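S.K.:
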Amino acid sequence: MVRVSNSLVGILNIITVLLSIPIIGGGIWLSKQANTECERFLDKPVIALGVFVLLVSIAGLVGSCCRVSCLLWVYLVVMFLLILLLFCFTIFAFVVTNKGAGEAISDKGYKEYRLGDYSDWLQKRVNNDKNWNKIRSCLQDSKICQRLLDDGSSTKVEDFYKEDLSSLQSGCCKPSNDCNFQYVSPTNWTRTPTSSLANPDCTAWSNDPNVLCYNCQSCKAGLLDNIKSDWKRVAVINIIFLVFLIIVYSVGCCAFRNNREDNAWKRYP
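To convert, note that position 230 of the sequence shown is 227 in the numbering used here; the numbers rise steadily by one, no gaps.
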């Protein structure tokens, strides 16, 4: 009689086999429909993830239901490595996102972001020209700054200062508060005799919609603040997923032990 642990592993892997199909389909769809470099960047990892989940699930399914101990052993090894990898990534995510936060500005609804406030590891990633050129292309394709104009190109300065801008909009779509530029529209600012260029971001700013502050340190800092928030959410999800994987791994170990006992009983009736 098929034991409970074997049946449970089989059911769980049937579910993951079914889940892998839309993942692979989504990756293929992205590769066919991608219009930007950002979208093309995602298709291969998504397909690889789907194929990986499919193969591991099949190994667990066949190993548990057909009593193939070698496949179940491979499944358990992969599961153990996945648990270890997720555990390390979760710790790493909490460590590198521990530093950095937006700076509240008096009489402003948005915050200012400074690159030096974030972890050295994250700073190195965005200060790499090759990495940043790709990221900047993605930010331009996303039209995050264009949305400020779409929402209100005639916004008055006092109303703009009350806006609750995202970290990317604050860092990439307007000059730093240090510059003291004169407001014309959300993405159009001019220098005045009282303007300051002490902050390098002030010279990097341009009213050209394709340039704006995409080359500014504040834009990189805004991206890192966004990544920090996302990674913390992912880390919390990882903890929940880790608990689930450990339970599945434990059940898989019981199924593997059952297979060995059954195989030994068949050899020595």
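Positions of the beta carbon are idealized from the N, C-alpha and C atoms, including for glycine. Quick caveat: nothing in here was measured; it's all calculated off a predicted structure.
Between the C-alpha atoms of D222 and L68, what's the straight-line distance to the nearest angstrom?
M.R.: Numbered from 1 along the sequence shown, position 225 holds the residue referred to as residue 222. Numbered from 1 along the sequence shown, position 71 holds the residue referred to as residue 68. Cα-Cα distance, rounded: 43 Å.
S.K.: When you compare only the Cα positions, how much space is there between N185 and P206?
M.R.: For the purposes of this step, residue 185 is taken as residue 188 along the sequence shown, with counting starting at 1. For the purposes of this step, residue 206 is taken as residue 209 along the sequence shown, with counting starting at 1. Approximately 9 Å, taken between the alpha carbons.
S.K.: Do Y110 and S164 count as a contact pair if the criterion is CB distance below 7 Å?
M.R.: Within the sequence shown, residue 164 is the residue found at index 167, counting from 1. Within the sequence shown, residue 110 is the residue found at index 113, counting from 1. Yes. Within cutoff.
S.K.: Closest to K159 by CA distance: which of G23, T189, K108, G24 is it?
M.R.: As a first step, residue 159 is located in the sequence shown; it is residue number 162 there, counting from the start. Residue K108 is the option with its Cα nearest to K159.
S.K.: Using the Cα positions of I236 and L81, report the straight-line distance between them to the nearest angstrom.
M.R.: The residue given as residue 236 occupies position 239 in the sequence shown. The residue given as residue 81 occupies position 84 in the sequence shown. In a straight line, the C-alpha of I236 is about 12 Å away from that of L81.
S.K.: Can you check the stretch 95 to 138 for any alpha helix (DSSP H) of at least 4 residues that lies completely inside it and give the ranges in chain order?
M.R.: 117 to 124
S.K.: Measure the alpha-carbon distance for S28 versus L58 and round it to whole angstroms.
M.R.: Residue 28 sits at position 31 when you count from the first residue of the sequence shown. Residue 58 sits at position 61 when you count from the first residue of the sequence shown. Each residue's alpha carbon lies about 29 Å from the other.
S.K.: Grab me the residues of Q137's own chain with a C-beta within less than 7 Å of its C-beta, minus the 5 sequence neighbours each way, in chain order.
M.R.: Here residue 137 is taken as the residue at index 140 of the sequence shown, counted from 1. Excluding residues within five positions, the ones whose Cβ falls inside 7 Å are N207, Y211.
S.K.: Please report the residue range of the alpha helix (DSSP H) in which K200 lies.
M.R.: In the sequence shown, counting from the first residue as 1, residue 200 sits at position 203. Before going further, note that residue 200 is Thr rather than Lys in the sequence given. Segment 197 to 201, the alpha helix (DSSP H) holding T200.
S.K.: Three Cβ pairs or more, each shorter than 8 Å: is that satisfied between the stretch 117 to 137 and the stretch 100 to 107?
M.R.: no
S.K.: So for Y211, helix, strand or coil by DSSP?
M.R.: Position 214 of the sequence shown, counted from the first residue, corresponds to residue 211. Of the three classes helix, strand and coil, the one that applies to Y211 here is coil, per DSSP.
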